[in-house]
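K.L.:
Quick one: the structure is below, and I'll ask about it shortly.
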Amino acid sequence: MLIIGEKLNSAIPGVRQIMEAKDAAAVQDLAVRQAAAGVHYLDVNTAHCGDETAYMEWLVRTVQEVTDTPLCIDSTDGSVIRKALEVAKGNKNKILINSISMEKNRLDQVLPLVLEYQCPVIGLTVDDNGIPKTVEDRISIAGRMVDLLAKEGYNLDNLYIDPLVLPLAVSHGNALIFFECLSEIKRQFKVKTVSGLSNISFNMPKRKIINRYFLAICMAHGMDAAILDPLDKKIMTAVTAVELLMGKDPFGKNFLKAYRKDMLED
Ligand code: THG
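What follows is the structure, encoded as structure tokens:
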């Protein structure tokens with residue numbers, strides 16, 4: 126499973142502080158430690174900083190001084206994503222754009238960038254009517270997105286649909302709805318899926334326990350990527366153990382390697 130490290134996100138109060146202080150050493154430390162934990166992408170988000178575009182430009186440059194791990198540009202604003210693509214070094218078509226949706230504004234702004242750079246992209250199952258409550262309505266948005274991207278000649282192997290997790294605290298069936306979305310999106314469209322996971326436990330105590338078991342069940346439903354905290358040894362242990370159980374780790378090679386590097390936590 127692809128792992129997208131979530132730590133460089135201005136929604137985390139301490140991280141916003143180091144970004145607004147332009148504390149390059151602290152930002153680079155978070156980048157290097159997540160890369161060392163084995164992430165495939167580093168999510169970067171400056172939406173909660175004063176000037177999102179200016180901070181994004183600084184963040185991209187600062188992170189790329191210390192790691193070649195591809196970036197996942199996390200913004201709802203097309204001009205922020207454009208700037209990040211402009212200033213990023215290396216192959217732009219390695220950058221994961223987070224995200225597009227079927228909201229008209231977002232499509233008009235961000236889809237041209239996805240097509241211009243042929244980047245992998247996360248597609249949220251939301252349109253101008255908001256996040257649908259039912260599986261059927263989310264699948265229908267996913268279907269419209271797949272059709273649109275296919276019509277534009279986009280390589281659908283690079284599309285990650287995010288069916289959007291709603292909290293259990295809002296409705297106790299929300300996790301089940303999410304699992305069904307993961308299975309159905311794969312079955313009907315044969316495209317990949319991704320999730321930010323942690324919304325599931327919003328407004329609950331001991332969130333990490335819920336997030337960890339939720340991740341395991343999502344993986345059992347074939348989820349291809351997750352945005353998570355790779356510095357949390359227990360959640361990374363869950364990823365390693367579930368991949369072993371799902372037959373994705375021949376001879377337990379990765380499990381044993383993690384064991385020898387003392388990365389597994391009970
Ligand atoms: N889908 C997509 N993008 C997303 C989300 C999504 N981007 C933002 C968010 N959801 C995922 N990112 C985060 C980042 C930080 C936290 C939660 C989600 C967070 N971190 C705490 C911290 O680091 O202090 C706690 C981490 C922990 O549990 O150990 O809360 O859904 N496409």
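Residue numbers for the sequence shown follow our numbering, so the first one is 126 and each next one is one higher. Glycine included, each C-beta is placed from N, C-alpha and C at the ideal position.
1. For Val295, count the other beta carbons within 10 Å of its own beta carbon; 16 or more makes it buried, fewer makes it exposed. Which is it?
2. Tell whether a beta-carbon distance below 8 Å holds between Ile225 and Leu232.
3. Pick from Ile137, Ser326 and Thr259: whose alpha carbon is nearest that of Leu307?
4. Please return the same chain residues whose Cβ sits closer than 8 Å to the Cβ of Asp360, not counting the five positions on each side in sequence.
5. When you compare each of Ser326, Glu305 and Cys197 to His346 by their alpha carbons, which one comes out closest?
6. Shorter than 7 Å, the distance from the beta carbon of Lys392 to the closest heavy atom of the ligand THG, or not?
7. Can we say the stretch 375–383 touches the stretch 141–158, given the rule of at least three CB pairs closer than 8 Å?
8. With Lys258 as the anchor, note down where its alpha helix (DSSP H) starts and where it stops.
9. With a cut-off of 8 Å on the beta carbons, I'd call Val316 and Leu284 a contact; round off their distance for me.
10. Taking only beta-carbon positions, decide if Thr250 is within less than 8 Å of chain B.
11. Where do the ends of the alpha helix (DSSP H) carrying Tyr285 lie?
12. Going by the C-beta, is Ser224 closer than 7 Å to any heavy atom of the ligand ZN?
13. Taking 7 Å as the cut-off, is the C-beta of Gly321 nearer than that to any heavy atom in the ligand THG?
14. By DSSP's criteria, Ile264 is part of a beta bridge. Which residues make up the other side?
15. Report all residues from its chain with a CB closer than 6 Å to the CB of Ala160; omit the five preceding and five following residues, and keep chain order.
16. Fully enclosed by the stretch 193–219, which alpha helix (DSSP H) runs are 4 residues long or longer?
17. Going by other Cβ atoms of all chains shown within 10 Å of its Cβ, with 16 needed for buried, is Met371 buried or exposed?
P.N.:
Once the coordinates are examined:
1. For the purposes of this step, residue 295 is taken as residue 170 along the sequence shown, with counting starting at 1. With fewer than 16 Cβ atoms within 10 Å of its Cβ, Val295 is classed as exposed.
2. Counting from 1 along the sequence shown, the entry for residue 225 is found at position 100. Counting from 1 along the sequence shown, the entry for residue 232 is found at position 107. A contact, by the Cβ cut-off of 8 Å.
3. Along the sequence shown, one-based indexing puts residue 307 at 182. Restricting attention to Ile137, Ser326 and Thr259, the CA atom closest to the CA of Leu307 is found in Thr259.
4. Working through the sequence shown from its first residue, we reach residue 360 at position 235. The sequence shown places Ile at residue 360, rather than the Asp named in the question. Closer than 8 Å at Cβ, skipping near neighbours: Lys333, Asn336, Arg337, Leu340, Leu353 and Asp354.
5. Indexing the sequence shown from 1 puts residue 346 at position 221. That would be Glu305, whose Cα lies nearest to the Cα of His346.
6. This structure leaves residue 392 out entirely; the chain is present only between 126 and 391.
7. no
8. Along the sequence shown, read from residue 1 onward, the residue named residue 258 stands at position 133. It is not in any alpha helix (DSSP H) - Lys258 carries neither H nor E in the DSSP assignment.
9. For this step, residue 316 is matched to residue 191 along the sequence shown. For this step, residue 284 is matched to residue 159 along the sequence shown. At roughly 5 Å, the Cβ-Cβ gap stays under 8 Å, so Val316 and Leu284 are in contact.
10. Among the protein chains of the structure shown there is no chain B, as only one such chain exists.
11. Taking the sequence shown and counting its residues from 1, the one referred to as residue 285 is at position 160. Element bounds for Tyr285: not the alpha helix (DSSP H) but the beta strand (DSSP E), Leu284 to Asp287.
12. With respect to the ligand ZN, the structure offers nothing, as its ligand set consists of the ligand THG.
13. By 1-based counting over the sequence shown, the position of residue 321 is 196. Yes, Cβ of Gly321 sits closer than 7 Å to a heavy atom of the ligand THG.
14. As a working note, residue 264 is residue 139 in the sequence shown. DSSP, once it has assigned bridges, lists no residue as partnering Ile264.
15. One-based indexing of the sequence shown puts residue 160 at position 35. Excluding positions up to five away in sequence, the list reads Thr192 and Thr194.
16. If you keep only unbroken alpha helix (DSSP H) runs of at least 4 residues inside the stretch 193–219, you get 203–212.
17. Indexing the sequence shown from 1 puts residue 371 at position 246. The residue is exposed, with fewer than 16 neighbouring Cβ atoms inside 10 Å.
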